[in-house]
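Input: a single structure, listed below in structure tokens.
Number of protein chains: 2
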Amino acid sequence: MVASAPGKVTLFGEHAVVYGYPAIVASIDKRIYVNAELREDEKIRINAQDLRTSGVIVSISNGEIQITTDYGRTLSAIGYLNKAIELTSEYLGVRKGVSLEVRSEMPVGAGLGTSAAVSVATIAAYSACLGYELSKDEIARLGWEVEKSVQGIASPMDTSIATFGGVLKIWFEGNTIYRVPLHVGSELPLVVSYVEREKSTRDMVMWVKSLRDKHPELVNGILEHIGRTTLEAEKALVGGDLREIGVLMNINHGLLEALGVSSRRLNEVVHTARMAGALGSKLTGGGGGGASIALTLPDNIDILTNVLKLVTPHVFRTNIQYEGVRVNHLSD
Amino acid sequence: MVASAPGKVTLFGEHAVVYGYPAIVASIDKRIYVNAELREDEKIRINAQDLRTSGVIVSISNGEIQITTDYGRTLSAIGYLNKAIELTSEYLGVRKGVSLEVRSEMPVGAGLGTSAAVSVATIAAYSACLGYELSKDEIARLGWEVEKSVQGIASPMDTSIATFGGVLKIWFEGNTIYRVPLHVGSELPLVVSYVEREKSTRDMVMWVKSLRDKHPELVNGILEHIGRTTLEAEKALVGGDLREIGVLMNINHGLLEALGVSSRRLNEVVHTARMAGALGSKLTGGGGGGASIALTLPDNIDILTNVLKLVTPHVFRTNIQYEGVRVNHLSD
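Order-wise, the sequence lines are chains A and B. Using our numbering, read the first sequence as starting at 1 and increasing by one per residue. Using our numbering, read the second sequence as starting at 1 and increasing by one per residue.
Structural data, given as structure tokens:
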């Protein structure tokens, strides 16, 4: 069985979503593939040669672990695989040995939701091997449990989008997750640039929390305005107004800068993109380094990609791809 | 007669001040000196060899004009001198020929209020030559008229601080200017960095206006939060809490970024400062390039200055200096 799940970009609303405001996330055309085959024994064997971070490869194969870890992120990526098998086994009440082979089309730990995609694809592949067809709601919920279990704390946003795919407006009230699919009125030609991560999403979430504790009125106001930006962006997305979406991305980026979650390198990439004709650009995800997105008119995408490569080697173009988790019987 | 007036940095609240929110401006220890001597004839002769912008010198002497103009800014600096003489003559009802010699301790057109300082110092020097001692209120009002006359539109903020000096909380209601002197509870060791100006203050003010026309709720909210940041900063300044002032500078910079008035180079300088130990940093003035300020603990100022010079050659340290316009009889 091969299952796959898409990576994601947060188009609008990261960080504010932690405080109840809506975010808009989109699944992209880069996926994580997990090939699962049941074993005769009870062991879990993982081959994850493609779980790459910037220039770093981890391989766990033939029982030998060879890891050159980039701040422990690749290592923890393996943790998601293990935990996904464990929690799926518990949920189904069945445990069997399995060999997992993982392939990623995108860098790990860059804020593109790879850990959620790994978790979701593993749950889908393993449960399918066992003869179960879990609903998307079940997969999303189990995926979130995996993320919470590995990270200690996690938003269900990434596992939602990895499971359901598309463009989702998401917000939380208590433990309730609201997901509204958006029908975007246009192609969204995006260029993703990645710079080295200096801080984890968790670090950045804690930073915002501490800033908010010290300046509640100010920071709450900024978060509220990120929420407003997201709501205006929803209209622009549905209307397919690329220029308007771009303007709102720039505003959103500035508000994230005001929260202190951008970085020198992220700003460099974001502003270089604008100078190279991007309609708008912003960091995406937790910040403190990591990924940024730039929106462009289709006929400018070559120039934009080339110019961004002057600033960071990790640049790829992407589009929204509406397909969430998918299970295929292995045919090749 | 030699008169001098200080340059200024906007510590908090630029752009928001245009919409009625308070700003906090401080006069610095870099001044413009204007030496005025009455002539036998009716002519105005200007020697302004020191009105330098980055690497560019304008000299008007012996009736010959030699200008290498940096986007017309040095040229317009001369306009302030002429207009200051003209409006002062009108106000006093006396006109005499005068030779003016101007010297600047800071770059022109960088957002440090040099045009206001030129206007104010010229008014003071010329009126003193004519035997009048204008009040500060008169000088500030005349200075504002000069700025309005040359620029078409101008805020009275720069001419206020060039005249009165100190640290002023300033806001406007209609045509009324409110000025509240603040007593800052600590030294404020600042490093000013200048990058080439891509847009004028006027361009940036118009940009914010157009963004506000398109997104009134969002942009008004951001402006309001710049105002709130300024009010929190007022407390921190009076309390002399350098760390708190720094945090609020960073928030203010992000909100200016959200308004779209920062630039790639400004952000580079601002973030480099933070990496080199600045407690906070922000663009100062209109943005679109130009000046930025970084606040530091005194024992880090050498490192901060050196590191900033890696990013731009135009770096100088400064402190608040409370003295506004000053007139001296020429004794040397």
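Even glycine gets a Cβ: it sits at the ideal position worked out from N, Cα and C. Keep in mind it's a predicted model, so treat the numbers as computed, not measured.
Residue-level contact by beta carbon fails for Glu-234(A) and chain B, as no gap is shorter than 9 Å. Put simply, the backbone Cα of Gly-324(A) is about 19 Å away from that of Pro-189(A). Comparing C-alpha distances from Arg-197(A) to each of Ala-26(A), Leu-266(A), Met-1(A), His-15(A) shows the shortest one belongs to Leu-266(A). Chain-order list of chain A residues neighbouring Arg-228(B): Glu-217, Leu-218, Gly-221, by C-beta distance under 8 Å. Secondary-structure assignment with DSSP links His-314(B) through a beta bridge to Tyr-194(B). The beta carbon of Thr-272(A) falls within 9 Å of a beta carbon belonging to chain B, placing the residue at that interface. The C-beta distance from Ala-291(B) to Gly-111(B) rounds to 4 Å, short enough to meet the 8 Å contact threshold. Residue environment: Lys-282(B) is assigned as buried (16 or more neighbouring CB atoms within 10 Å of its CB, all protein chains considered). Here Val-18(A) really is in contact with Ser-155(A); their C-beta atoms are around 7 Å apart, less than 8 Å.
If you draw a straight line from the Cα of Glu-37(A) to the Cα of Asn-328(A), it is about 13 Å long. Cα atoms of Leu-256(A) and Arg-39(B): separation of roughly 58 Å, rounded to the nearest angstrom. Close partners of Asn-267(B) in chain A (Cβ separation under 7 Å): Asn-267, His-271. Within the same chain, Cβ atoms closer than 6 Å to the Cβ of Trp-171(B) are found at Pro-22, Tyr-178, the five residues on either side in sequence being excluded.
Look at Glu-101(B) here: in three-state DSSP terms it is strand. Going by DSSP, Val-327(B) is part of the beta strand (DSSP E) stretching over 326 to 328. With a contact defined as Cβ atoms closer than 8 Å, Val-195(B) and Gly-287(B) miss out at about 11 Å. Judged by DSSP secondary structure, Ala-23(A) falls within the beta strand (DSSP E) whose first and last residues are 23 to 38.
Take Ser-89(A), set aside five residues on each side of it, and the residues of its chain with a beta-carbon closer than 7 Å to its own are Arg-95, in chain order. In this structure, DSSP gives Leu-87(A) a helical state, which the three-state scheme calls helix.
By alpha-carbon distance to Asn-175(A), the top candidate from Arg-141(A), Met-204(A), Gly-166(A) is Arg-141(A). Close CB contacts of Phe-316(A) within its chain, under the 6 Å cut and outside five residues either way in sequence, are with Val-192 (chain order). The stretch 266 to 306 of chain A contains no complete alpha helix (DSSP H) run of 4 or more residues. Note on geometry: alpha-carbon atoms of Ala-124(B) and Ala-162(B) lie some 11 Å from one another. DSSP places Gly-143(B) within a helical segment (H, G or I) once states are collapsed to three. Distance from Asn-319(A) to Glu-187(A) at the Cβ level is roughly 7 Å; contact confirmed, criterion being Cβ atoms closer than 8 Å. Secondary-structure assignment with DSSP links Asn-47(B) through a beta bridge to Glu-101(B). Pairing Leu-87(A) with Val-118(A) gives a Cβ-Cβ distance that is not under 9 Å. Taking a beta-carbon distance threshold of 9 Å, Leu-295(A) does not count as an interface residue toward chain B. Taking a C-beta distance under 9 Å as the contact criterion, Ala-294(B) and Arg-264(B) do not qualify as a contact pair. The Cβ of Leu-310(B) sits no closer than 9 Å to any Cβ of chain A. Within the same chain, and ignoring the five residues on either side of Val-180(B) in sequence, the residues whose Cβ sits closer than 6 Å to its Cβ are Lys-169.
Check the Cα spacing between Glu-244(B) and each of His-215(A), His-253(A), Thr-201(A), Thr-305(A): the tightest is with His-215(A).
For Met-206(B), the number of other beta carbons within 10 angstroms of its own is below 16, and it is reported as exposed. Around the beta carbon of Lys-43(A), a 10 Å sphere encloses fewer than 16 other beta carbons of the protein chains shown; the residue is thus reported as exposed.
Under a criterion of Cβ atoms nearer than 9 Å, the residues of chain B adjacent to Asn-250(A) are, in order, Glu-257, Ala-258, Gly-260. Short of 7 Å from the beta carbon of Ile-85(B), and not among the five residues preceding or following it, lie these beta carbons of its own chain, in chain order: Ile-44, Val-98, Thr-122, Tyr-126.
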